[in-house]
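**Student:** Last residue of the sequence shown: number 230 in the working numbering, and the count goes up by one each step with no gaps.
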Amino acid sequence: MAAAESQTISRYLESIYYMTAEGESVRAARLAEWMGVSQPTAGATLRRMVRDGLVSITAGKEIHLTARGQETAGRIVRRHRVAERWLTDVLGLDWVEADEEAGKLEHALSDEVAERLFEHIGRPVTCPHGNPIPGTEQPARRHERALRDLPPGARSRVRRVSEVAEHDAPQLLRFLGESGLHLGAEVEAAEHNPGAGTVTVKVGGKRVAMSLDVAGKIWLD
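(1) Compare the beta carbon distance of Val170 and Ile130 with 8 Å and say whether it is the shorter of the two.
(2) What separation, rounded to the nearest whole angstrom, lies between the Cα atoms of Phe127 and Val46?
(3) Using a 10 Å radius around the Cβ and a threshold of 16 neighbouring Cβ atoms, would you call Gly62 buried or exposed?
(4) Does Asp120 pass the burial test, meaning 16 or more other C-beta atoms within 10 Å, or should it be called exposed?
(5) Below 8 Å between beta carbons: does that hold for Leu40 and Ile18?
(6) Measure the Cβ-Cβ separation of Leu182 and Trp95 and say whether it is below 8 Å.
(7) Which ranges would you report for the beta strand (DSSP E) in the stretch 43-91 if only whole runs of at least 3 residues count?
(8) Suppose you measure from the CA of Gly52 to the CA of Ser34; what does that come to, to the nearest Å?
(9) As a quick exercise: from Val134, Gly162 and Val223, pick the residue whose alpha carbon is nearest that of Val196.
(10) According to DSSP, which residues form a beta bridge with Leu229?
(11) So, using beta-carbon positions, are Arg125 and Leu229 closer together than 8 Å?
(12) So, Leu102 versus Thr29, is the Cβ gap smaller than 8 Å?
(13) Considering only DSSP beta bridges, list what Asn3 is partnered with.
(14) Could you have a look at Thr97 and say whether DSSP puts it in helix, strand or coil?
(15) At what residues does the beta strand (DSSP E) containing Ser220 begin and finish?
(16) Alpha carbon to alpha carbon, what distance is there between His116 and Gln16?
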């Protein structure tokens with residue numbers, strides 16, 4: 010497999026992994042949108058992935074990683090998230106820059122180098138956005154809830170930001186950072202406005218408004 014083609018397959022695997030992890034149904038049209046390609050292009054790539062035993066496609070056109078695809082995608086995501094932690098924890102990049110740079114590094118790092126980085130930075134269990142690093146022991150997610158489900162007056166702390174939301178709204182991480190909505194930040198639900206499709210929260214003495222869709226991608230303890 011040519012290097013360029015291998016990198017393309019890796020990006021598809023990573024994308025499917027992220028969407029599946031958030032409980033999203035993965036279909037060719039959604040994947041084409043995510044990858045920024047036409048549906049015929051995505052379809053051709055998916056056929057190669059089916060041929061290579063990386064994905065399966067149901068009669069209802071849903072795309073699923075096979076055991077081999079899941080294992081391969083997990084290694085890619087692990088390299089990405091370990092690189093992110095190295096970039097933030099050691100080099101001091103913010104979480105926006107780290108995400109962008111890790112997207113380049115994940116294809117250049119070998120699994121062996123990624124493991125050495127993992128040990129060097131203290132065996133973290135999550136990326137800077139709170140999402141789990143594959144292959145590490147994780148606490149149960151059953152107690153987390155989306156920010157949009159926090160009732161007015163209730164308080165909680167930011168646990169993680171959905172990888173899908175990061176992709177669909179590229180400026181989301183910058184917005185959250187500028188608003189003080191970093192991991193561990195305490196938030197209080199101030200106002201829900203279903204008609205306008207917004208939710209307002211208090212964080213660090215400020216009121217921050219966002220769409221219900223965005224608030225559904227920010228997860229709290």
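C-beta atoms are modelled at their ideal positions from N, C-alpha and C, and glycine is treated no differently.
Because the structure is a prediction, the values reported are computed rather than measured.
**Tutor:** Inspection of the coordinates gives the following:
(1) Counted from its first residue, the sequence shown places residue 170 at position 161. Counted from its first residue, the sequence shown places residue 130 at position 121. Contact: no.
(2) Looking up residue 127 in the sequence shown gives position 118. Looking up residue 46 in the sequence shown gives position 37. Distance between the alpha carbons of Phe127 and Val46: 33 Å.
(3) Stepping through the sequence shown from its first residue, residue 62 is reached at position 53. Classification of Gly62: exposed, given that the 10 Å Cβ count is below 16.
(4) Residue mapping note: residue 120 aligns to position 111 of the sequence shown, counting from 1. It counts as exposed.
(5) Within the sequence shown, numbered from 1, the residue matching residue 40 stands at position 31. Within the sequence shown, numbered from 1, the residue matching residue 18 stands at position 9. It is not a contact, given that the beta carbons lie outside the stated cut-off.
(6) What you label residue 182 is simply residue 173 of the sequence shown in a count that begins at 1. What you label residue 95 is simply residue 86 of the sequence shown in a count that begins at 1. No. Outside cutoff.
(7) 64-66 and 72-74
(8) One-based indexing of the sequence shown puts residue 52 at position 43. One-based indexing of the sequence shown puts residue 34 at position 25. One C-alpha to the other measures close to 16 Å.
(9) On the sequence shown, residue 196 is found 187 positions in, with the first residue counted as 1. For Val196, the nearest C-alpha among the options comes from Gly162.
(10) In the sequence shown, residue 229 corresponds to position 220, counting from 1. According to DSSP, which records beta bridges pairwise, Leu229 is partnered with Arg154 and Val167.
(11) Taking the first residue of the sequence shown as position 1, residue 125 is located at position 116. Taking the first residue of the sequence shown as position 1, residue 229 is located at position 220. Not closer than 8 Å, so no.
(12) Here the question's residue 102 lines up with position 93 in the sequence shown. Here the question's residue 29 lines up with position 20 in the sequence shown. Taking 8 Å as the Cβ cut-off, Leu102 and Thr29 do not qualify as a contacting pair.
(13) Within the shown structure, residues of the chain are numbered from 10 to 230, placing residue 3 beyond reach of any answer.
(14) Locating residue 97 in the sequence shown gives position 88, where the first residue counts as 1. Residue state, collapsed to three classes: helix.
(15) Numbered from its first residue, the sequence shown carries residue 220 at position 211. Ser220 -> beta strand (DSSP E) spans Lys215 to Ser220.
(16) As a working note, residue 16 is residue 7 in the sequence shown. As a working note, residue 116 is residue 107 in the sequence shown. Taking the straight line joining both Cα atoms gives about 7 Å.
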